[in-house]
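Q:
There are 2 protein chains.
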Amino acid sequence: MTYAFEFKDAREAAFALPELDEGLDPMARMGVRIAYAKDEEIYGQDEDADLIYRVVRGSVRTTRLLSDGRRQIGAFYREGDLFGFESAVHHRFSAEAMQDSVVLVVKRSALKTAGGDLDRMIWTATSRELERTQEHLLLLGRKNACEKVASFLLGLAEGVPSDTVSLPMGRLDMADYLGLTIETVSRMLSQLQASHVVCFSATRQFKVINRAALSRMAQ
Amino acid sequence: MTYAFEFKDAREAAFALPELDEGLDPMARMGVRIAYAKDEEIYGQDEDADLIYRVVRGSVRTTRLLSDGRRQIGAFYREGDLFGFESAVHHRFSAEAMQDSVVLVVKRSALKTAGGDLDRMIWTATSRELERTQEHLLLLGRKNACEKVASFLLGLAEGVPSDTVSLPMGRLDMADYLGLTIETVSRMLSQLQASHVVCFSATRQFKVINRAALSRMAQ
DNA sequence: CGCTTTATTGAGGGCGGTCAAAGAGCGTGG
DNA sequence: CCACGCTCTTTGACCGCCCTCAATAAAGCG
């Protein structure tokens with residue numbers, strides 16, 4: 015633990031250059047940039063939740079483990095996303111970098127006192143987080159494997175201008191997000207491809223061939 | 015829709031008497047009490063989310079339907095609980111009274127401008143809602159039927175002084191909360207009773223016989 | 001007490017999990 | 001450049017958990 019902290023100072027210096035436009039972003043001035051290696055923990059389950067994070071580069075997942083190793087992924091975060099405010103007191107999930115990533119870290123209290131704009135930003139982010147979690151709840155509780163995978167691909171393809179979408183995660187992360195196994199995810203992907211709904215050009219890159227059908231399959 | 019609104023004024027009058035201590039509760043003074051019959055809708059999916067609700071008497075569930083009738087319950091609320099702030103703009107779930115209930119309804123904007131205390135109340139309630147939803151996520155995604163039911167019973171028994179716990183909902187509501195069918199819920203309840211972990215004195219009333227075992231089975 | 005709704009129990013089937021093996025991707029080093 | 005080893009992905013065979021369908025039992029209610 016202290017080991018990680020000693021490193022953080024050293025890593026800050028390596029990222030003095032702004033990764034996002036600092037002039038337009040008051041949050042960037044108040045925080046510290048920290049680099050994390052692939053699969054490195056950003057914060058742990060049951061840690062205090064007095065910091066707020068923002069993905070500057072790379073991507074992040076939040077995970078929760080059961081004692082026997084079963085894992086549930088809560089959410090994925092991409093560049094620009096805020097995360098870490100899933101709880102007011104202690105984190106229920108831990109956060110890990112999915113690739114070598116850079117994260118902006120800000121004290122929650124600093125944002126609270128900085129003014130209405132940032133306070134409002136936290137509020138809307140928390141609110142959106144709750145919305146997304148409830149959508150996720152419906153997916154886990156009442157959708158079958160095919161609908162789960164279709165929903166997931168549709169979510170990734172949403173708001174992407176290019177017709178080619180790249181997956182920032184492997185099959186295991188997809189499975190643990192969808193409440194499935196990697197084998198089932200793989201089978202459903204093959205099935206979607208066989209029915210010409212999507213087309214995989216590589217294991218982590220696909221195109222949506224028939225968006226209407228994909229949307230229908232996602233319920 | 016207008017039908018419901020016409021009724022609301024009439025129903026207000028019937029509940030002029032305070033159900034909760036009004037002197038200690040500034041929220042109660044700003045809102046309106048409305049009575050709902052069993053299974054009546056309090057708000058609908060996709061409605062504007064500019065109101066905040068509090069259960070004065072009875073109990074409330076939030077639900078979401080898929081087009082083919084599959085249903086997911088998001089949460090149950092008991093007397094004193096706040097609900098309706100799962101989203102900042104539009105409700106993703108609808109809310110229904112589980113029994114004949116009385117609900118205090120307050121404009122979100124009224125609470126926001128009323129001062130720090132109430133603002134803080136909304137914040138902590140939203141935050142707790144997010145925590146609970148994430149716990150629910152883990153349950154739906156990675157627990158088996160037995161663990162789901164054990165978790166559910168444990169949650170109900172938590173913070174209840176009496177050793178006898180009463181269920182405010184039927185088997186269908188339990189099933190739709192846990193992502194199971196009523197038959198599976200019933201089987202798991204029978205199984206938990208057969209292994210002397212809990213004991214049902216009636217269909218909606220049980221005692222925890224072995225809390226350690228129940229906790230273990232809930233993961 | 002009869003009627004309707006809700007809960008329990010049983011039999012059988014299907015979806016997704018488990019186990020296993022083969023294939024693909026990828027960095028390392030010869 | 002290919003060979004090699006490692007990880008990740010895909011595919012197949014089989015199994016088990018939970019769902020479906022059905023019948024019975026219990027509970028709620030006028």
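Chains A and B, in that order, give the protein sequences.
Counting with the numbering used here, you get residues 15 to 233 for the letters of the first sequence.
Counting with the numbering used here, you get residues 15 to 233 for the letters of the second sequence.
Beta carbons are placed, not taken as given, at the ideal position from N, Cα and C, and that holds for glycine.
Tell me, which residues are paired with residue 50 of chain A by DSSP?
A: Here the question's residue 50 of chain A lines up with position 36 in the first sequence. Paired residues: A/115.
Q: Please tell me whether residue 12 of chain B and residue 125 of chain B are closer than 8 Å, where the distance is taken between their beta carbons.
A: Any question about residue 12 of chain B goes unanswered here, given that chain B covers just 15 to 233.
Q: So is residue 225 of chain B in contact with chain A if we call contact Cβ pairs under 8 Å?
A: Position 211 of the second sequence, counted from the first residue, corresponds to residue 225 of chain B. So, not an interface residue.
Q: Using CA atoms only, rank isn't needed, just tell me which of A/158, A/156, A/184, A/150 is closest to residue 169 of chain A.
A: Within the first sequence, numbered from 1, the residue matching residue 169 of chain A stands at position 155. That would be A/150, whose Cα lies nearest to the Cα of residue 169 of chain A.
Q: Quick one, which residues of the segment 192-226 of chain B are near chain A if we go by CB-CB under 7 Å, in chain order?
A: 193
Q: Whole angstroms are fine: how far does the CA of residue 158 of chain B sit from the CA of residue 79 of chain A?
A: Taking the first sequence and counting its residues from 1, one reaches residue 79 of chain A at position 65. Taking the second sequence and counting its residues from 1, one reaches residue 158 of chain B at position 144. Taking the straight line joining both Cα atoms gives about 15 Å.
Q: If I measure Cβ to Cβ from residue 200 of chain B and keep anything under 7 Å in the same chain, skipping five residues before and after, which residues do I get?
A: Here the question's residue 200 of chain B lines up with position 186 in the second sequence. Same-chain partners within the cutoff: 185.
Q: Take the Cβ of residue 243 of chain B as the centre, count every other Cβ of all protein chains shown within 10 Å, and call the residue buried at 16 or more, exposed below.
A: In the structure displayed, chain B extends from 15 to 233; residue 243 of chain B sits before or after that span and is not available.
Q: Which term fits residue 38 of chain A, buried or exposed, when burial requires 16 or more other beta carbons within 10 angstroms of its beta carbon?
A: Here residue 38 of chain A refers to the residue found at position 24 when the first sequence is read from its first residue. Low confidence applies here, because residue 38 of chain A scores a pLDDT of 49, under 50, leaving its location unreliable; read the following figure in that light. So residue 38 of chain A ends up on the exposed side.
Q: Which of the residues in the segment 97-115 of chain B, read from start to end, lie with their CB under 7 Å from any CB of chain A?
A: 100, 101, 102, 106, 107
Q: Say whether the segment 55-62 of chain B touches the segment 94-106 of chain B, bearing in mind that this needs 3 or more beta-carbon pairs closer than 8 Å, one atom from each stretch.
A: yes
Q: Considering only residues of the segment 64-131 of chain B, which uninterrupted beta strand (DSSP E) runs meet the minimum length of 3 residues and lie entirely inside it, listed in chain order?
A: 65-71, 74-79, 85-91, 108-111, 115-121
Q: Excluding the five sequence neighbours on either side, which residues of its own chain have a C-beta within less than 8 Å of the C-beta of residue 139 of chain B, listed in chain order?
A: Here residue 139 of chain B corresponds to residue number 125 of the second sequence, with the count starting at 1. Answer for residue 139 of chain B: 96, 99, listed in chain order.
Q: Round the Cβ separation of residue 141 of chain B and residue 101 of chain A to the nearest angstrom and send it over; I've been treating them as touching at under 8 Å.
A: Working through the second sequence from its first residue, we reach residue 141 of chain B at position 127. Working through the first sequence from its first residue, we reach residue 101 of chain A at position 87. Indeed they touch by this definition, with Cβ atoms about 6 Å apart.
Q: Across the segment 40-58 of chain B and the segment 111-120 of chain B, are there enough close Cβ pairs to call them in contact, namely three or more that are closer than 8 Å?
A: Enough Cβ pairs lie closer than 8 Å, so yes.
Q: Three-state secondary structure (DSSP) at residue 138 of chain A?
A: The count along the first sequence starts at 1 and reaches residue 138 of chain A at position 124. If DSSP states are grouped into helix, strand and coil, residue 138 of chain A belongs with the helices.
Q: Taking the Cβ atom as the reference point for each residue, do residue 85 of chain A and residue 190 of chain A lie within a distance shorter than 8 Å?
A: To locate residue 85 of chain A, count along the first sequence from 1; it is residue 71. To locate residue 190 of chain A, count along the first sequence from 1; it is residue 176. Yes, Cβ-Cβ distance for residue 85 of chain A and residue 190 of chain A is below 8 Å.
Q: Can you give me the C-alpha to C-alpha distance between residue 202 of chain B and residue 82 of chain B, rounded to a whole angstrom?
A: On the second sequence, position 188 is the one that residue 202 of chain B refers to. On the second sequence, position 68 is the one that residue 82 of chain B refers to. Between residue 202 of chain B and residue 82 of chain B, the C-alpha separation is close to 26 Å.
Q: Looking at residue 43 of chain A and residue 69 of chain A, is the spacing between their C-beta atoms short of 8 Å?
A: Counting from one through the first sequence, the residue named residue 69 of chain A turns up at place 55. Counting from one through the first sequence, the residue named residue 43 of chain A turns up at place 29. No, they are not a contact pair.
Q: Is residue 182 of chain A near residue 73 of chain A, with beta carbons less than 8 Å apart?
A: Working through the first sequence from its first residue, we reach residue 182 of chain A at position 168. Working through the first sequence from its first residue, we reach residue 73 of chain A at position 59. Taking 8 Å as the Cβ cut-off, residue 182 of chain A and residue 73 of chain A qualify as a contacting pair.
Q: Suppose only complete runs of 3+ residues qualify. What are the beta strand (DSSP E) ranges in the segment 187-222 of chain A, listed by chain order?
A: Listed in chain order, the complete beta strand (DSSP E) runs (minimum 3 residues) inside the segment 187-222 of chain A are 212-216, 219-222.
Q: If you follow the beta strand (DSSP E) that residue 180 of chain B is in, where does it begin and where does it stop?
A: Your numbering for residue 180 of chain B matches position 166 in the second sequence. Taken as a continuous stretch (DSSP letters only), the beta strand (DSSP E) holding residue 180 of chain B covers 178-180.
Q: Leaving aside the five residues before and after residue 133 of chain B along the sequence, list all residues of the same chain whose C-beta is less than 8 Å from its C-beta, in chain order.
A: On the second sequence, position 119 is the one that residue 133 of chain B refers to. So the list reads 125, 126, once near-sequence residues are dropped.
Q: Rounded to a whole number of angstroms, what is the C-alpha to C-alpha distance between residue 233 of chain B and residue 41 of chain A?
A: Taking the first residue of the second sequence as position 1, residue 233 of chain B is located at position 219. Taking the first residue of the first sequence as position 1, residue 41 of chain A is located at position 27. The straight-line gap from Cα to Cα measures roughly 39 Å.
Q: At the 8 Å Cβ level, is residue 125 of chain A part of the contact set with chain B, yes or no?
A: Numbered from 1 along the first sequence, position 111 holds the residue referred to as residue 125 of chain A. So, not an interface residue.
Q: Helix, strand or coil for residue 60 of chain B, going by three-state DSSP, please let me know.
A: Counted from its first residue, the second sequence places residue 60 of chain B at position 46. Reduced to three states, the DSSP call for residue 60 of chain B is coil.
Q: Go ahead and pull the three-state DSSP assignment for residue 172 of chain B.
A: Within the second sequence, the letter at position 158 stands for residue 172 of chain B. Note: residue 172 of chain B maps to coil in three-state DSSP.
Q: Which residues does DSSP pair with residue 55 of chain B in a beta bridge?
A: Along the second sequence, read from residue 1 onward, the residue named residue 55 of chain B stands at position 41. BP columns for residue 55 of chain B point to B/110.
Q: By the criterion of Cβ-Cβ separation under 7 Å, what are the contact partners of residue 84 of chain A in chain B?
A: Indexing the first sequence from 1 puts residue 84 of chain A at position 70. Under the 7 Å cutoff, chain B gives 156.
Q: In the DSSP assignment, the alpha helix (DSSP H) including residue 231 of chain A goes from what residue to what residue?
A: Counting from one through the first sequence, the residue named residue 231 of chain A turns up at place 217. Annotation for residue 231 of chain A: the continuous alpha helix (DSSP H) segment containing it runs 225-231.
Q: Please classify residue 40 of chain A: does DSSP put it in a helix, a strand, or coil?
A: Locating residue 40 of chain A in the first sequence gives position 26, counting from the first residue. It is helical.
Q: Can you find a CB in chain A that lies within less than 8 Å of the CB of residue 132 of chain B?
A: Position 118 of the second sequence, counted from the start, is the residue given in the question as residue 132 of chain B. It does not: the Cβ of residue 132 of chain B has no partner Cβ on chain A nearer than 8 Å.
Q: Can you check whether the C-beta of residue 59 of chain B is within less than 8 Å of a C-beta belonging to chain A?
A: For the purposes of this step, residue 59 of chain B is taken as residue 45 along the second sequence, with counting starting at 1. Taking Cβ atoms only, chain A never reaches closer than 8 Å to residue 59 of chain B, which makes this a no.
Q: Once DSSP output is grouped into helix, strand and coil, what is the label at residue 157 of chain B?
A: Counted from its first residue, the second sequence places residue 157 of chain B at position 143. The answer is coil: DSSP assigns residue 157 of chain B none of H, G, I, E or B.
Q: Going by the CB atoms, is the gap between residue 90 of chain B and residue 71 of chain B shorter than 8 Å?
A: Residue 71 of chain B sits at position 57 when you count from the first residue of the second sequence. Residue 90 of chain B sits at position 76 when you count from the first residue of the second sequence. Contact flag unset, no.
Q: By a C-beta neighbour count over all protein chains shown, 10 Å radius and 16 as the cutoff for buried, is residue 230 of chain B buried or exposed?
A: The sequence position of residue 230 of chain B within the second sequence is 216, counting from 1. Classification of residue 230 of chain B: exposed, given that the 10 Å Cβ count is below 16.
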